[in-house]
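Undergrad:
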Amino acid sequence: MLRLSTLSSVSAAALVALATLSAAAPARAALVTDPAVTIAPSQDAFVYEDLPTTVMQQSFGGAYNGILAVANTDLSGHDLFAYVGFNLTGVTLNTDDRVTLHLYVDDGTTIGFPFQNPSAAAPALVTASAATSAWNESVTYATIPTVASTPAASVSVNGVNQWISLDITDLAKDWISGAQTNYGLVLQMPNPDAGGLVAVVTDSSAGPNPAYLQIGAVPEPASLGLLGAGMLLLIRRKK
Ligand SMILES: [Ca+2]
Ligand SMILES: [Ca+2]
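All you need for the numbering used here is the position in the sequence shown, starting with 1, plus 6.
#1: Under a CB-based cut-off of 8 Å, is D209 close to chain D?
#2: Which whole-angstrom value describes the C-beta separation of S210 and N71, a residue pair presumed to lie in contact below a C-beta threshold of 8 Å?
#3: Check each residue's C-beta against every heavy atom of ligand 2 and list, in chain order, those closer than 6 Å.
#4: Tell me Q186's beta-bridge partners as DSSP assigns them.
#5: In the structure shown, what three-state DSSP assignment does G253 receive?
#6: If you check the beta carbons only, do A51 and Q63 fall under 8 Å apart?
#7: Do L193 and V90 have their CB atoms nearer than 8 Å?
#8: With DSSP run on the structure shown, which of helix, strand or coil describes S173?
#9: Measure the alpha-carbon distance for N93 versus S48 and round it to whole angstroms.
#10: Along the chain, where does the beta strand (DSSP E) that runs through F52 open and close?
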């Protein structure tokens, strides 16, 4: 009898532990914790002022499906805007989490547009702002969504073949809390290039170095690449 009651009290304890675990599981699944979590775009697109009714990624045999492109040229009619959306349903943030958009800047001169690359001599400021109305993968220059007047983040791009990042934590918090509807991000170049024809061309979700959103506790300087971020993580863990 003693054995049995001991066994059954152990089993009961195990069951309580299991019940506790499974009760806690849904909350844990939704909680985003370290190390960083990455989220792929739910949709992305770019539009070209010169081809106002052309779905750029879906035309030209899909030649531009792998890129996003941003430009604000002094030439009239050649601006480029890019759009990136993320499904954040079920995502919650810890107080020290940062939400960062990562984009890989391509050599835009190889993709067939008559644009120049940003450089140290001619850096290009790129902003990420909240879209404030709906868009989808079929967006064209003629059907662009409205955009928030103040950008959520900006980054100066001074070269190609490198990662750039934009910290959109405050905007993401508003999306997650419902304070703002999540229509995704608009990437733009707010300042016209000084007489040039500069475009920032990045990989889309379909490119070799796909765009992604990173959620994690490590704050990242805008210019820090993936390797740098990884090293920073290691350094912090060693403490
Ligand atoms: Ca797309
Ligand atoms: Ca312009």
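Every residue gets a Cβ at the ideal spot worked out from N, C-alpha and C, and that includes glycine.
TA: So, from the listed chains and residues:
#1: The structure shown has no chain D; it contains just one protein chain.
#2: Indeed, because the Cβ distance is near 7 Å, the residues count as touching under 8 Å.
#3: Result (chain order): N78, T79, D85, P198.
#4: For Q186, DSSP records no beta bridge to any residue.
#5: This structure does not reach residue 253, given that the chain is present from 7 up to 245, and the question cannot be answered.
#6: Yes, these two residues count as a Cβ contact at 8 Å.
#7: Their beta carbons are under 8 Å apart, which means L193 touches V90 by this criterion.
#8: It should be noted that the sequence gives Asp, not Ser, for residue 173. D173 sits in a strand when the DSSP states are folded into three classes.
#9: Taking the Cα positions, N93 is about 6 Å away from S48.
#10: In the DSSP assignment, F52 falls within the beta strand (DSSP E) that extends over 49 to 54.
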